[in-house]
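Taking it in order: structure first as structure tokens, then the write-up.
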Amino acid sequence: MTMDAAFEQHNVCVLIPTYNNAIPLARVLHDVLQYTRHVVVVNDGATDGTREMLAERYPQIALVDYVQNRGKGYALRQGFAKAVALGYDYAITIDSDGQHYADDLPVFLEKLKTSPNAIIIGARNMDQASVPGKSSFGNKFSNFWYKFETGLTMRDTQSGYRLYPVKALRDFTFFTRKYEFEIEVLVRAAWAGLEVTEVPVKVFYPEKEKRITHFRPFRDFSRISVLNTVLVTITLLYIKPRDLFRGLKKKTSGKSSGKSTPSSLTPGNRPA
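Mapped onto the UniProt record's numbering, the consecutive letters of the sequence shown carry residue numbers 1 to 272.
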């Protein structure tokens, strides 16, 4: 079976949100199209010729296009809606800056066989020498709060290389639109009982002077901190009490169902 056939069999598309990354986006598309033609691009208000490049070189690709830059979270949500409208069950998100390798796409499809209702995170090796210090710190910070908010341990909660069960997310309510959306969606999925799991993937970080990033450390880190404050508050006031109540209810229900019927009242020994 070809990889494109595997994408069709599992009803998966590749979703690429992009903003002012026309040159690396073209390379990413070239690589992704070696594996599948099921691709959706979300042009998040790019002003660098992305729209023209896509129209000229990749007219066959499904495109979500709007003029004003809204943020990665908004772009992802628009992409999810487009994927659902096109009939896909899953979307593998990959960044447009060339950080991720298309040859890791089969890893997600393989994991999908055993985790069909999960968000699958492509966990990067954040200990390699080329990883920027701020990225490594930010990831550890995010992992810590994710565990506090959900009780789950993850190695890379900030990776943008993921598989989402897009139809399962339709009923979720989100309030973030920037980078912090990728944290919110993981936490809300875990709260809702959706499996969140990981697979190892490679990562490429070019030399500092050649990196293209739209992450603004102070502003975006502040947004992430505000989000975690909200999520921690919800965790303490609602999620943990809810889970405690459910646990006690389940324990009580288990004891009740485990009680044996007194022998004197069994069907064959009822008093006349």
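The beta-carbon is built from N, C-alpha and C at its ideal position, and this holds for glycine as well.
Please state if the CB of residue j and the CB of residue i are separated by a distance shorter than 7 angstroms.
i	j	result
residue 102	residue 35	yes
residue 123	residue 200	yes
residue 42	residue 99	no
residue 115	residue 197	yes
residue 172	residue 184	no
residue 91	residue 15	yes
residue 58	residue 11	no
residue 25	residue 142	no
residue 71	residue 177	yes
residue 7	residue 38	yes
residue 83	residue 40	yes
residue 49	residue 22	yes
Is residue i close to chain C? Criterion is C-beta to C-beta, closer than 7 angstroms.
i	result
residue 63	The chain inventory of the structure shown lacks chain C, comprising one protein chain alone.
Can you tell me the Cα-Cα spacing of residue i and residue j, whole angstroms?
i	j	result
residue 108	residue 120	7 angstroms
residue 254	residue 65	53 angstroms
residue 181	residue 155	18 angstroms
residue 267	residue 241	Low per-residue confidence applies at residue 267: pLDDT is 42, beneath 50, and the placement is therefore not dependable, though the value from the model is reported in the following sentence. So the alpha carbons of these two residues sit roughly 41 angstroms apart.
residue 251	residue 244	11 angstroms
residue 230	residue 190	16 angstroms
residue 221	residue 145	13 angstroms
residue 153	residue 55	42 angstroms
residue 162	residue 233	27 angstroms
residue 249	residue 149	22 angstroms
residue 168	residue 112	14 angstroms
Using the three-state DSSP reduction, which class does residue i fall into: helix, strand or coil?
i	result
residue 10	helix
residue 196	strand
residue 160	coil
residue 252	helix
residue 122	strand
residue 5	helix
residue 24	helix
residue 206	coil
residue 282	Only positions 1 to 272 of the chain appear in this structure, which leaves residue 282 out of reach.
residue 18	strand
residue 141	helix
residue 240	helix
residue 117	coil
residue 262	Below a pLDDT of 50, predicted positions are generally treated as unreliable, and residue 262, at 45, falls in that range; the measurement from the model is reported next regardless. Coil at residue 262, not helix or strand.
residue 170	coil
residue 178	coil
Would you check whether the ligand ZN has a heavy atom nearer than 6 angstroms to the C-beta of residue i?
i	result
residue 110	The ligand ZN is not among the ligands present in this structure, which contains no ligands whatsoever.
Where do the N-terminal and C-terminal ends of the alpha helix (DSSP H) with residue i fall, by residue?
i	result
residue 190	181-191
Length-filtered (3 minimum) beta strand (DSSP E) runs lying within the region 34-108
39-44, 62-66, 90-93
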